[in-house]
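Remarks on the structure that follows.
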Amino acid sequence: MNQDLELSLYVFVLATFLGFEIIRRVSPLLHTPLMSLTNAISAIAVVGSILVAGEQKTTLSTVLGAMAVTCSMINIVGGYLITYRMLRMFRKSGKDRS
Amino acid sequence: MIEQVIPLLYLAAAASFVLALKWLSSVTTARRGVIIGVIGMALAVSGTLLKPEIVSYRWVAAAFVLGTIIGIPMAMMPMTAVPQRTALSHAFGALAAALVGTAEYYLRTPEIDCFTMGALTLEVLLGYLTFTASLMAFGKLQEVLPTRPITYRNQNIINLSLFGLAVAAGVSLVARPESTWLFPLFGAMALLFGVLLIIPIGGADMPTVISLLNSYAGLSAAAMGFVLNNKLLIIAGALDGSSGFILSVIMCRAMNRSFTNVLFGAFGQVQTAAGGRAEERTVRSATPEEAADILRGANLVIVVPGYGMAVAQAQHKVRELYDILTKAHIEVKFAIHPVAGRMPGHMNVLLAEADVPYDKLMEMDMVNSEFPQADVALVIGANDVTNPAARHDRTSPIFGMPILDVDKARTIMVIKRSMNPGFAGIENELYYMDRTLMVFGDAKAVVGSLVKELAGGAIH
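Now the structure itself:
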């Protein structure tokens, strides 16, 4: 096992535990926005997609990469916007929507 | 010089994502969470665009524009369509990961080491199966496909052998990455498995399935991080993966079922067997006028919304009812079961959209102690989550499932289209209790006439 991989596995395991701890505290009230926000965050696949599309090594990789960038971008734009839209709807009694 | 900055941008992006989810824990800070999430994504994207490997921006720019054009309408869908929208976005996310994995495979073979190939296989497998599974879930939620579970003989055996074959193909690809003929076959098996996985799943199990697909989409992004040796992808993917996993565990617990039971149980069959013993029993029905009279005399009303409220789009009428009762100094609370609706938190966003204050939306554990003090429990489009059989009837397919203790209220009112048992076909004994009044009709129409009656009554 090389060092890069070892380090990556450490990062993965620690990030998973951190995820468990943070998500456990999210109120059930916000479970739908939570899902749309994590969906937007996992569109981080855009990083890999941009590299594949921008390196232009082969026609196949460029086309697949461009499709992947499109898919990720849909989730970035759609995911953050709808999460924000949903959160704007939540208001406490006696208060107007802000 | 600029190359040394990129890892720092990625690090800042990873930190932003963690903060985004942390701030989502409370309504007061949640919006700040979205903003820091956007900042994180912007940092990650700009860092990537600065990389010297990128020789041309043409395709990337075109894809940005196209993605934005499709993404904006995806964000503007009505709140009732949020479950299917979420399924669709899981499909896009998973497809992106799978496509990148496919491209990387053809770019790198045969000089790909065994660990990288292992991660790539996982990325492609999860990516493609989540893609078709999410499309199927979308079809079922949008009701383009039949929402009932579709079962056939030897279903589990067929599914498991296909999955076994796909895993075997994956393992042999790891051992011999140069067998390029196997790779398309491997991808096709993953795609097919995704379809077969969702066919036997019914509407009521969608909250668990959507959460699980959320987790898979995240994990395939994390696997991409291993392939590209990019820690930001690993962190973001792991956060998404653990979030989806926690949500599916919560959903399973709220239905007292295990993962394997949701995925391989084909819920529908169990109940047809149990539903057979249903006999003719009498129910008390009431008109909206009679129901309004009882509501007028109440001090505490607990509303129990379910998927039926979403289908009838009754949430705005429910808000009007909330307003008119509150004005008459009657306390109104909402009891939200974790699996009410078609995805986690579905009822909360619908009621928030209709402008019901969120401090009136109560979780099951908190609200159950209040039912004995409630004068009226008003059930709008919820069924199985109110069935007392879950507490005491060992033969019931939902025995052991945590329910809302609606039957402990002084009067129970149930708004329902007809006596047809719901999706699962389980008789709900709540409907046959002496203190239960059935108000038959479309949820939106009935709540509308309740509001009208109450408004009329206030005048004289």
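Which chain is which? The protein sequence lines are S and U, in order.
Numbered by the numbering used here, the letters in the first sequence go through residues 1262 to 1359 in order.
Numbered by the numbering used here, the letters in the second sequence go through residues 58 to 517 in order.
Backbone N, C-alpha and C fix where the C-beta goes; we use that ideal spot for every residue, glycine too.
When you measure from the CB of residue i to every non-hydrogen atom of the ligand COA, does any distance come out below 6 Å?
i: Trp116/U; result: Annotation note on the ligand COA: not contained in the displayed structure, which lists no ligands.
Give the DSSP-derived three-state secondary structure of residue i in the structure shown.
i: Pro362/U; result: strand
i: Ile472/U; result: strand
i: Ala369/U; result: coil
i: Phe391/U; result: strand
i: Met133/U; result: coil
i: Leu461/U; result: coil
i: Leu418/U; result: strand
i: Gln326/U; result: At Gln326/U the pLDDT is 43, less than 50, meaning the model places this residue with poor confidence; the figure from the coordinates comes in the next sentence. Residue state, collapsed to three classes: helix.
i: Gln1317/S; result: coil
i: Glu110/U; result: coil
i: Arg448/U; result: helix
i: Phe456/U; result: coil
i: Gly438/U; result: coil
i: Tyr209/U; result: coil
i: Leu68/U; result: helix
i: His386/U; result: coil
i: Met1296/S; result: helix
i: Thr1322/S; result: The question names Thr, yet the displayed sequence has Ser at residue 1322/S. Note: Ser1322/S maps to helix in three-state DSSP.
i: Gly553/U; result: Nothing can be reported for residue 553/U: it is not among the residues displayed for chain U, which extend from 58 to 517.
i: Phe1351/S; result: coil
i: Gly333/U; result: Any answer about Gly333/U is weak, because its pLDDT of 43 lies below 50 and its placement is not dependable; what the coordinates show is given next. In the structure shown, Gly333/U sits in coil (DSSP, three-state: anything other than H, G, I, E or B).
i: Trp520/U; result: The requested residue 520/U is not part of the displayed model; chain U covers only 58 to 517.
i: Asn313/U; result: coil
i: Glu168/U; result: coil
i: Pro140/U; result: helix
i: Ala411/U; result: coil
Comparing alpha-carbon positions, which option in the options lies nearest residue i?
i: Phe188/U; options: Arg310/U, Ala274/U, Ile381/U; result: Ala274/U
i: Ala1325/S; options: Trp116/U, Thr125/U, Val122/U; result: According to the sequence as given, residue 1325/S is Leu; it is not Ala. Ranking the options by Cα distance to Leu1325/S, first place goes to Trp116/U.
i: Asp491/U; options: Ala225/U, Met400/U, Ile214/U, Arg338/U; result: Arg338/U
i: Ala160/U; options: Tyr1345/S, Met1328/S, Gly1339/S; result: Met1328/S
i: Phe240/U; options: Val224/U, Val252/U, Pro414/U; result: Val224/U
i: Phe1278/S; options: Arg399/U, Ala295/U, Leu145/U; result: Ala295/U
i: Gly457/U; options: Met281/U, Gly104/U, Cys309/U, Lys501/U; result: Cys309/U
i: Leu269/U; options: Met1296/S, Ile1343/S, Ile1283/S; result: Met1296/S
i: Met1350/S; options: Leu68/U, Arg314/U, Met312/U, Ala411/U; result: Ala411/U
i: Val433/U; options: Leu78/U, Asn216/U, Asn444/U, Lys465/U; result: Lys465/U
i: Thr317/U; options: Ile258/U, Arg341/U, Gly354/U; result: Ile258/U
i: Asn440/U; options: Lys384/U, Tyr364/U, Pro429/U; result: Tyr364/U
i: Ala118/U; options: Ser1288/S, Ala1314/S, Thr1320/S; result: Ala1314/S
i: Val368/U; options: Thr204/U, Thr137/U, Gln141/U; result: Thr137/U
i: Thr493/U; options: Thr344/U, Gly158/U, Val112/U, Pro454/U; result: Thr344/U
How big is the Cα-Cα spacing for residue i and residue j?
i: Tyr209/U; j: Ala190/U; result: 18 Å
i: Ile460/U; j: Val436/U; result: 13 Å
i: His449/U; j: Met263/U; result: 26 Å
i: Thr265/U; j: Leu192/U; result: 16 Å
i: Gly402/U; j: Lys1318/S; result: 44 Å
i: Met133/U; j: Pro362/U; result: 24 Å
i: Arg165/U; j: Val406/U; result: 45 Å
i: Ala71/U; j: Ile96/U; result: 11 Å
i: Glu1267/S; j: Phe1273/S; result: 10 Å
i: Gly498/U; j: Leu249/U; result: 41 Å
i: Val252/U; j: Leu186/U; result: 8 Å
i: Val75/U; j: Gly1280/S; result: 8 Å
i: Glu510/U; j: Lys374/U; result: 13 Å
i: Phe195/U; j: Gly513/U; result: 43 Å
i: Ala348/U; j: Val508/U; result: 11 Å
i: Ile292/U; j: Gly398/U; result: 31 Å
i: Ile393/U; j: Met421/U; result: 6 Å
i: Ile1302/S; j: Ser73/U; result: 10 Å
i: Ile1335/S; j: Val122/U; result: 10 Å
i: Thr468/U; j: Gly221/U; result: 53 Å
i: Gln199/U; j: Leu145/U; result: 10 Å
From the DSSP output, which residues share a beta bridge with residue i?
i: Met495/U; result: Ser342/U, Val471/U
i: Ala223/U; result: None; Ala223/U has no bridge partner.
i: Lys79/U; result: According to DSSP, Lys79/U bridges with nothing at all.
i: Val433/U; result: Val358/U, Thr468/U
Hey, is residue i's beta-carbon within less than 7 Å of any beta-carbon in chain C?
i: Lys288/U; result: The question asks about chain C, but that chain is absent: this structure's protein chains are S and U.
Taking a cut of 8 Å between CB atoms, which residues from the segment 139–160 of chain U lie near chain S? Residues are counted here when their Cβ sits less than 8 Å from a Cβ of chain S; for the segment 139–160 of chain U these are Val139, Arg142, Thr143, Ser146, His147, Phe149, Gly150, Leu152, Ala153, Ala154, Leu156, Val157, Thr159, Ala160, given in chain order.
What residues from the segment 107–123 of chain U come within 8 Å of chain S, judged by C-beta to C-beta, listed N to C? Listed in sequence order: Lys108, Glu110, Ile111, Val112, Ser113, Tyr114, Trp116, Val117, Ala119, Ala120, Phe121, Leu123.
Residues in the segment 1288–1299 of chain S with C-beta within 8 Å of chain U's C-beta atoms, listed in sequence order? Of all residues in the segment 1288–1299 of chain S, only Ser1288, Pro1289, Leu1290, Leu1291, His1292, Thr1293, Pro1294, Leu1295, Met1296, Ser1297, Leu1298, Thr1299 come within less than 8 Å of chain U when Cβ atoms are compared, listed by chain position.
Using a Cβ-Cβ cut-off of less than 9 Å, give me the residues of the segment 1307–1325 of chain S that come near chain U, in sequence order. Considering only beta carbons, the part of the segment 1307–1325 of chain S lying closer than 9 Å to chain U consists of Val1307, Val1308, Gly1309, Ser1310, Ile1311, Leu1312, Val1313, Ala1314, Gly1315, Glu1316, Gln1317, Lys1318, Thr1319, Leu1321, Ser1322, Thr1323, Val1324, Leu1325, in chain order.
Quick one: which residues of the segment 390–412 of chain U get their C-beta closer than 8 Å to a C-beta of chain S? List them in chain order. Of all residues in the segment 390–412 of chain U, those with a C-beta nearer than 8 Å to a C-beta of chain S are Ile393, Pro395, Met400, Pro401, Gly402, His403, Asn405, Val406, Ala409, Glu410, Asp412, reading in chain order.
Please name the residues in the segment 419–440 of chain U whose beta-carbon is closer than 7 Å to at least one beta-carbon of chain S, in chain order. Residues of the segment 419–440 of chain U that bring their beta carbon within less than 7 Å of a beta carbon in chain S comprise Glu420, in sequence order.
At a CB distance below 7 Å, what residues from the segment 260–278 of chain U approach chain S? Give them in sequence order. Listed in sequence order: Asn271, Ala274, Gly275, Ala278.
Interfacial residues, the segment 231–259 of chain U to chain S, with Cβ spacing under 7 Å: Of all residues in the segment 231–259 of chain U, none is placed with a Cβ closer than 7 Å to any Cβ belonging to chain S.
Can you pull out the residues from the segment 61–81 of chain U whose beta carbon lies closer than 9 Å to at least one beta carbon of chain S? Going along the segment 61–81 of chain U in chain order, one finds Tyr67, Ala70, Ala71, Phe74, Val75, Ala77, Leu78, Lys79, Leu81 with a Cβ nearer than 9 Å to chain S.
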